[in-house]
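Protein chains in written order, with the numbering used here: chain Z, 2 to 288; chain P, -17 to 183.
We put the beta carbon where it would ideally sit given N, CA and C, even for glycine.
So the structure is just underneath, and the comments pick up after that.
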C-alpha cells in the first residue's frame, strides 16, 4: 500500500522538514500524481497568503489616540501620582461628604432649575445654519458626509475631520436604547467658519446639532463663565425650536420640534440622571 | 514597507533579528510609568503592524482606525500588568487578536453589507485587468474577509506579522499542530475562492 506524506506535504512546501524527511517526501511526490497536485494546491495557497500586503497606518492616528489619552488622563496617570491623588481624595472625603449633605439639604429646600434666556430677535449665523440643515433633514434632502448610527464612529469622524470636539458618551443609560438613534454627520459652513452637523433622532423625531469654534464665528453666542449661557428661540420657520449655547470654546445650536424647549435633545451628550433632571427643569427667564 | 531606523533602535534590533525582536525594556518600563513619550515610541513601532491586522477585520478605514485606537488605549492601560512572562510581541498580539475578534463579533450581522469584498462589489472583471492593475492583493484581502477569525488570524499572524508557528500558538494559546491545521485550512480556502488566479500568482 502506498503511504502518502499527509501533513508532511505542507511542511515540505514550507521548507520546514528535516533533511531526511524532505528527501523522502520529494521522492514520493516525484512518483505520485495525486500528491503533486496536492502540493501545487498548497503552494498556490501559500503564494496567495504571501500576497496579503502590510498596510500603513494613517498619519492622523496618533493625534486621535492622544486626544483620547488626554480624556482618560486619570486612567493613564502614573502609579505614584495616582497614589498621591488617592491620598488627597481620602483626606478630602469628610469635606466632600459635608458638601454633599449641604447640597442634599439645599436641594430639598430649593429645587434647582435650569434657567435659560430668550434669544435675540435676529437669528445668529449658527442658528440659521442649524435651521437650514434641520429643514433639509425633515424634507429628506440631507446630504450626509458620514451616514452611521455608531456613536464612536461619528464622534471620531467629527473630531478628525473638523478638529471640533464632539463629547457624545459611548456608555448609554438603558432608557436611551429605544429613545436615541444617531443618523450621521456632515461638514458645513457657518459664514466662513468650518462647522459640523450631527443628525440624530430622539423619540423618533429628528434633532439637528451644529457646532463650530466660537472664535471662528462673526456673531457667536456668549460663552458663560460658569453656565453655558443657553438661549431659546421659538417661532422659527417651520415652528422649530432652537437652543443655542457656548461651552469650552465651541458654539452649539440644536434644532428640533421636541416638546417644551426641545431640551430632550440634550440626552445626546448628557447621560447623568441628575443632569438630565436639571435639563428637564429648564425654564425660560423672561425680562 | 519601509523600516524607520529609529524604530530599529527602539526595537533593540541586531542584524538578522528582523521583526521578531521586542522593544527595549526601558521603553516598556517608561510606558509602565505612564510616560507619554514612551507610549508614542511604542505606537510608532507597532502602528503599521497593528493597523494591518485591524484593517483585515474592518469594513472600512474609519472602523480600522477605531479598532487600532482601541487596541493602543487597551495596551497603554494594560501595560502596567505586563510582567515579561511572555515576549512583548506575543502579549501585544493577544490584545490585537481579542480586539479584532470582538469587532468581528460585533459586526457579524453587518458583514454581508459592509464587508463585501471590493472585487465582489465591483462585479466580475477579467484576469488580465486584475493582474495588470496589480490588484491581486485586493482580491486576496477580499477572499480573506470570508474566512472565520479562527482561520483568518493565523494567516495574518503568519504572513503579515511573519510569526513562527510556535509564536502563533503562544498568541492563540493553542498547540503548534492546531496552528498548522488552521493555516492549512485557511490557505486551502483562499486557493478555492481564488482559483481563477491560478497560474497568475
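Buried or exposed: where does residue 262 of chain Z fall if 16 or more other Cβ atoms within 10 Å of its Cβ makes it buried?
Position 261 of the first chain holds residue 262 of chain Z. Burial call: buried.
Alpha-carbon to alpha-carbon, residue 5 of chain Z and residue 20 of chain Z:
By one-based count along the first chain, residue 20 of chain Z stands at place 19. By one-based count along the first chain, residue 5 of chain Z stands at place 4. Residue 20 of chain Z and residue 5 of chain Z: Cα-Cα distance of roughly 18 angstroms.
Whose CA, out of P:67, P:56 and P:122, lies closest to the CA of residue 169 of chain P?
Residue numbering aside, residue 169 of chain P sits at position 187 when the second chain is read from its first letter. If we check each option's Cα against that of residue 169 of chain P, P:122 comes out closest.
Check each residue of the segment 113 to 126 of chain Z: if its Cβ is closer than 9 angstroms to any Cβ of chain P, include it; give the result in chain order.
none
Let me see if you follow: with CB-CB separation under 8 angstroms, is residue 34 of chain P close to chain Z or not?
Position 52 of the second chain, counted from the start, is the residue given in the question as residue 34 of chain P. Chain Z contact via Cβ: present.
Okay, do the segment 25 to 36 of chain Z and the segment 151 to 168 of chain P touch, 3+ Cβ pairs below 8 angstroms being the bar?
no
Sequence-distant residues of its chain with Cβ nearer than 7 angstroms to residue 30 of chain Z (five each side left out)
Numbered from its first residue, the first chain carries residue 30 of chain Z at position 29. Only 36, 37 and 40 meet the Cβ criterion.
Contact between the segment 150 to 163 of chain Z and the segment 246 to 265 of chain Z is defined here as three or more beta-carbon pairs at a separation below 8 angstroms; is this criterion met?
no
Report the CB separation of residue 223 of chain Z from residue 230 of chain Z in whole angstroms; it is logged as a contact under 8 angstroms.
The residue given as residue 223 of chain Z occupies position 222 in the first chain. The residue given as residue 230 of chain Z occupies position 229 in the first chain. Indeed they touch by this definition, with Cβ atoms about 5 angstroms apart.
Considering only the alpha carbon of each residue, which of P:6, P:38, P:12 and P:17 lies closest to residue 142 of chain P?
For the purposes of this step, residue 142 of chain P is identified with residue 160 of the second chain, where counting begins at 1. Here the closest residue by C-alpha is P:38.
Determine the direct distance from the alpha carbon of residue 151 of chain Z to that of residue 117 of chain Z, and round the result to whole angstroms.
Here residue 117 of chain Z refers to the residue found at position 116 when the first chain is read from its first residue. Here residue 151 of chain Z refers to the residue found at position 150 when the first chain is read from its first residue. So the alpha carbons of these two residues sit roughly 31 angstroms apart.
Which residues, taken in chain order from the segment 157 to 178 of chain Z, show a beta carbon closer than 9 angstroms to some beta carbon of chain P?
157, 158 and 161
For residue 16 of chain P and residue 160 of chain P, I'd like the C-alpha separation in whole angstroms.
Taking the second chain and counting its residues from 1, the one referred to as residue 16 of chain P is at position 34. Taking the second chain and counting its residues from 1, the one referred to as residue 160 of chain P is at position 178. Residue 16 of chain P and residue 160 of chain P: Cα-Cα distance of roughly 37 angstroms.
Does the Cβ of residue 13 of chain Z have 16 or more other Cβ atoms within 10 Å, making it buried, or fewer, making it exposed?
As a first step, residue 13 of chain Z must be located in the first chain, where it is residue number 12. When all chains shown are included, residue 13 of chain Z counts as buried.
Between residue 235 of chain Z and residue 89 of chain Z, what straight-line distance do the alpha-carbon atoms span, to the nearest angstrom?
In the first chain, counting from the first residue as 1, residue 235 of chain Z sits at position 234. In the first chain, counting from the first residue as 1, residue 89 of chain Z sits at position 88. Distance between the alpha carbons of residue 235 of chain Z and residue 89 of chain Z: 47 angstroms.
Return the CA-CA distance between residue 179 of chain Z and residue 148 of chain Z, expressed in angstroms with no decimal places.
Numbered from its first residue, the first chain carries residue 179 of chain Z at position 178. Numbered from its first residue, the first chain carries residue 148 of chain Z at position 147. Using only the alpha carbons, I get a separation of about 19 angstroms.
Taking 8 angstroms as the CB-CB cut-off, is residue 148 of chain P touching chain Z?
Position 166 of the second chain, counted from the start, is the residue given in the question as residue 148 of chain P. No, no contact with chain Z.
DSSP three-state assignment for residue 202 of chain Z, whether helix, strand or coil:
Taking the first chain and counting its residues from 1, one reaches residue 202 of chain Z at position 201. Strand.
Assuming the contact rule is C-beta atoms closer than 8 angstroms, residue 211 of chain Z and residue 130 of chain Z should be a hit. Round their C-beta distance to whole Å, please.
For this step, residue 211 of chain Z is matched to residue 210 along the first chain. For this step, residue 130 of chain Z is matched to residue 129 along the first chain. At roughly 5 angstroms, the Cβ-Cβ gap stays under 8 angstroms, so residue 211 of chain Z and residue 130 of chain Z are in contact.
Can you find at least 3 beta carbon pairs, one from the segment 4 to 23 of chain P and one from the segment 50 to 64 of chain P, that sit closer than 8 angstroms?
yes
Against chain P, with Cβ distances strictly below 8 angstroms, would residue 84 of chain Z count as a contact?
Here residue 84 of chain Z refers to the residue found at position 83 when the first chain is read from its first residue. So, not an interface residue.
Cβ-Cβ separation, residue 194 of chain Z to residue 213 of chain Z (assumed contact under 8 angstroms), whole Å
Translated into positions along the first chain, residue 213 of chain Z becomes position 212. Translated into positions along the first chain, residue 194 of chain Z becomes position 193. Between residue 194 of chain Z and residue 213 of chain Z the Cβ distance is about 5 angstroms, and since that is below 8 angstroms, they are a contact.
Using C-beta distances below 8 angstroms, list every residue in its chain close to residue 78 of chain P, excluding the 5 sequence neighbours before and after it, in chain order.
For the purposes of this step, residue 78 of chain P is taken as residue 96 along the second chain, with counting starting at 1. Counting only Cβ-Cβ distances below 8 angstroms, and skipping sequence neighbours, we find 32, 35, 36 and 53.
Give the residues from the segment 72 to 89 of chain P that approach chain Z closer than 9 angstroms (Cβ to any Cβ), ordered along the chain.
none
Compare the C-beta of residue 6 of chain Z with all C-beta atoms of chain P and state if any pair is closer than 8 angstroms.
By one-based count along the first chain, residue 6 of chain Z stands at place 5. No, its Cβ sits nowhere closer than 8 angstroms to a Cβ of chain P.
Terminal residues of the continuous alpha helix (DSSP H) containing residue 233 of chain Z?
Residue numbering aside, residue 233 of chain Z sits at position 232 when the first chain is read from its first letter. Element bounds for residue 233 of chain Z: not the alpha helix (DSSP H) but the beta strand (DSSP E), 232 to 234.
If I measure Cβ to Cβ from residue 203 of chain Z and keep anything under 8 angstroms in the same chain, skipping five residues before and after, which residues do I get?
Within the first chain, the letter at position 202 stands for residue 203 of chain Z. Hits under 8 angstroms: 180, 181, 257, 259, 265, 266, 268 and 269.
Residue 9 of chain Z (DSSP reduced to helix, strand or coil)
The residue you call residue 9 of chain Z lines up with position 8 of the first chain. If DSSP states are grouped into helix, strand and coil, residue 9 of chain Z belongs with the helices.
Taking the alpha carbon of residue 172 of chain P as the point to measure from, which residue in Z:18, Z:27, Z:52 and Z:23 has its own alpha carbon closest?
Stepping through the second chain from its first residue, residue 172 of chain P is reached at position 190. The residue with the shortest Cα to Cα distance from residue 172 of chain P is Z:52.
Counting only runs that start and end within the segment 126 to 197 of chain Z, where is the beta strand (DSSP E) found for 3 or more residues in a row?
181 to 191
Take the Cβ of residue 103 of chain P as the centre, count every other Cβ of all protein chains shown within 10 Å, and call the residue buried at 16 or more, exposed below.
Here residue 103 of chain P corresponds to residue number 121 of the second chain, with the count starting at 1. Annotation note: pLDDT 40 at residue 103 of chain P (below 50); position unreliable, coordinate value reported separately. Looking at its Cβ environment, which holds fewer than 16 other Cβ atoms inside 10 Å, residue 103 of chain P is exposed.
Assigned exposure category for residue 103 of chain Z - 16 Cβ within 10 Å defines buried:
The residue labelled residue 103 of chain Z in the question sits at position 102 within the first chain. Label assigned to residue 103 of chain Z: exposed.
Where does residue 28 of chain Z sit, in a helix, a strand or coil, going by DSSP?
To locate residue 28 of chain Z, count along the first chain from 1; it is residue 27. Helix, per DSSP.
By Cβ distance below 6 angstroms, which residues in the same chain neighbour residue 99 of chain P in space, the five residues on each side in sequence not counted?
Your numbering for residue 99 of chain P matches position 117 in the second chain. Unreliable placement is indicated for residue 99 of chain P, whose pLDDT of 43 sits below 50; no coordinate value is reported for it.
State yes or no: is the C-beta of residue 83 of chain P within less than 8 angstroms of the C-beta of residue 131 of chain P?
Walking along the second chain from the start, residue 83 of chain P turns up at place 101. Walking along the second chain from the start, residue 131 of chain P turns up at place 149. Taking 8 angstroms as the Cβ cut-off, residue 83 of chain P and residue 131 of chain P qualify as a contacting pair.
Taking the continuous beta strand (DSSP E) assigned at residue 254 of chain Z, which residues delimit it?
Against the first chain, residue 254 of chain Z aligns to sequence position 253. Run containing residue 254 of chain Z: 251 to 257, per the beta strand (DSSP E) assignment.
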